[in-house]
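A.B. asks: Here you go, one structure.
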Amino acid sequence: MAKKTVLVSGGAGFIGSHVTVELISAGHDVVVADNMSNCDMTCFEGVKKITGREDLPFIKMDFCNAAEVDKLFSEYPIDAVIHFAAFKAVGESVEEPVKYYKNNLISFLNVLETASKRGCNVLFSSSATVYGEPDKLPVTEESPRQPATSPYGNTKQICEDILSDTVKATGGKIKGIALRYFNPIGAHPSALIGELPRGVPNNLVPFITQTAIGKRECLSIFGNDYPTPDGTCQRDYIDIVDLAKAHVFAVTRMIDGKMKKDYEIFNVGTGRPVSVLELVNAFEKVNGLKLNYRFAPRRAGDVTAIWADPTLANEEMGWKAERTVEETLASAWAWEKHLAGK
Ligand code: UD1
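89 is the number that our numbering gives to position 100 of the sequence shown; each next residue is one higher, with no gaps.
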C-alpha cells in the first residue's frame, strides 16, 4: 500500500478523531480540518498523544465556505477525503431543518466540487438510518432505503445520491464509498479520546456512562413493550475503533484501485442484535456497578430493531468487527472516568 494523504473533515469529533488515529497507524499522512462547532480540542490533543504526532496538521475552517475548501486542497496534496463535517442531532434537525440541510448539504457539495476538479476520492459517512424500519432483518446494502424520518436522516440519503451522481458524472475519475454506520459506541483503549456530547446526551451509551458517574440521576429506557425478546429496542452497537478501522480498509481500497464499482456502499456493523436492556446489563456486569434506570414511554421516531448483515464489508473489504460489546462498554466507562479525572 502506497502512503497517501487523507483529509479528514470534522476530524476533531468523535468518529473523526478515532479514524485519524487508525489512518496514522496504517502509515497515512492525515490533514485534520474542523470548524469546532460541536467539539473542543480535547480529542485532537488526544490524537496527538496517542500517535506521537505533535506536528499533525490541523486547520480550523468552515466547509460551507467554498473558497476555504478550495484553498485547503491547494495547500495539501490530498489523495482522498473522508467527510464527517456535519450536524448529527436527530431531534434538533426536526426543529431546525434549514440549519441541517444548509450545513450538511453545502459542506458536502463544496468538498465534492473541489474533489472532482482535483480527481480526489471521497468517502462519505452515512448511516443505518437510511434503512428506516426494515421489513427484513438483518439489512444488507441491497435492502431498500425507506423515506427518512428526520431532516438529519434525509441529509444522509441526499448526500449518498449526490456522491453517486457525481462519481458517475466524472466517468469514474473520482471514486466514492458510502459507509453506513450502525450504532458507534465506546472509546479508544487509551481513554484519551471518546465521545463528548454537549448538554444532555441523546444517545444511549453516553447517557449510561453519565448516569453511572453521577452526572445524570436516572437512565430512561424508552419503551419495554416492543415486539422483541425482552420488549426493548434492538440495535447493532459497533465499537468505535472497529468502525474507524473500516475507514482504513475503505480508503486503501479506493486509493489502491481495488474497487469493483466506482461507487460502493458498505454496512459497518457487527451483525449482532443487542437490546437496550442487554446493553445495560452488560455495562453493569463488565464494570461491576449498578445503574439507576427505569422504563419510560417509547421515544418518537425510534425503530423497533435494526442490525447489519456485514458480509459485504467482511468479504470485499476484508474488514470485520473484533471487539466484544463488553470490551467496548469497558472502554466507554474508562473514558467517562478519564473525563471526570478519576
Ligand atoms: C440515532 C440515529 C442514527 C444515528 C445514531 C448516532 C435515527 C433514527 N437514529 O440512532 O441515525 O446514526 O443515533 O449514534 O436517526 N435509548 C434509551 N434511553 C436513552 C437513549 C436511547 O432507551 O436515554 C434507546 C433508544 O430508544 C434506542 C437505543 O437506545 O432504542 C439507541 O438509541 P441511540 O443511541 O439514540 O441511537 P439510535 O436512535 O439507534
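From the three backbone atoms N, C-alpha and C, an ideal C-beta is built for every residue, glycine too.
As an exercise, report each continuous beta strand (DSSP E) stretch of at least 3 residues that is fully enclosed by the segment 172 to 251, in chain order.
C.D. replies: 172 to 174, 208 to 211, 226 to 228
A.B. asks: Between the C-alpha atoms of P333 and C28, what's the straight-line distance to the nearest angstrom?
C.D. replies: With the chain running from -10 to 331 in the structure shown, residue 333 is simply not present.
A.B. asks: If I follow the unbroken alpha helix (DSSP H) through L(-4), where does it start and stop?
C.D. replies: Counting from 1 along the sequence shown, the entry for residue -4 is found at position 7. That residue, L(-4), is in no alpha helix (DSSP H); its beta strand (DSSP E) goes -6 to -2.
A.B. asks: Using DSSP bridges, identify the partner residues of A167.
C.D. replies: Translated into positions along the sequence shown, residue 167 becomes position 178. According to DSSP, A167 bridges with F113, I254.
A.B. asks: Short check: CB of L266 to CB of T221, under 9 Å?
C.D. replies: Your numbering for residue 266 matches position 277 in the sequence shown. Your numbering for residue 221 matches position 232 in the sequence shown. Going by C-beta atoms, L266 is nearer than 9 Å to T221.
A.B. asks: Would you call the CB atoms of P308 and V275 closer than 9 Å?
C.D. replies: For the purposes of this step, residue 308 is taken as the residue at position 319 of the sequence shown. For the purposes of this step, residue 275 is taken as the residue at position 286 of the sequence shown. Sequence check: residue 308 is Trp here, not Pro. In this structure, V275 does not lie closer than 9 Å to W308 by Cβ.
A.B. asks: Exposed or buried, which one is N92 when buried takes at least 16 other CB atoms within 10 Å?
C.D. replies: As a first step, residue 92 must be located in the sequence shown, where it is residue number 103. Classification of N92: buried, given that the 10 Å Cβ count is 16 or more.
A.B. asks: T31 and V19 look like a contact to me (Cβ under 8 Å); what is the Cβ gap, rounded to whole Å?
C.D. replies: Counting from 1 along the sequence shown, the entry for residue 31 is found at position 42. Counting from 1 along the sequence shown, the entry for residue 19 is found at position 30. Not confirmed; about 18 Å, so no contact.
A.B. asks: Leaving out the 5 sequence neighbours to the left and right, which residues in its chain are closer than 8 Å to K(-8) when beta-carbon positions are compared?
C.D. replies: Position 3 of the sequence shown holds residue -8. Only G16, H17, D18 meet the Cβ criterion.
A.B. asks: For D150, name the three-state secondary structure that DSSP assigns.
C.D. replies: The sequence position of residue 150 within the sequence shown is 161, counting from 1. In the structure shown, D150 sits in a helix (DSSP, three-state: H, G or I).
A.B. asks: Who does S264 pair with in a DSSP beta bridge?
C.D. replies: Residue 264 sits at position 275 when you count from the first residue of the sequence shown. In DSSP, S264 forms a bridge with Q223.
A.B. asks: Start and end of the beta strand (DSSP E) containing D44?
C.D. replies: As a working note, residue 44 is residue 55 in the sequence shown. Note, D44: premise wrong, no beta strand (DSSP E); not H, not E.
A.B. asks: Which same chain residues end up closer than 7 Å to G108 when comparing Cβ atoms and leaving out the 5 residues on each side of it in sequence?
C.D. replies: Along the sequence shown, one-based indexing puts residue 108 at 119. Once the five neighbours on either side are set aside, the close Cβ partners of G108 are K162, I163.
A.B. asks: Can you give me the start and stop residues for the alpha helix (DSSP H) that H7 sits inside?
C.D. replies: Reading the sequence shown from its first residue, position 18 is the one you call residue 7. Start and end: 3 to 14.
A.B. asks: So, helix, strand or coil for K145, using DSSP?
C.D. replies: Taking the first residue of the sequence shown as position 1, residue 145 is located at position 156. Note: K145 maps to helix in three-state DSSP.
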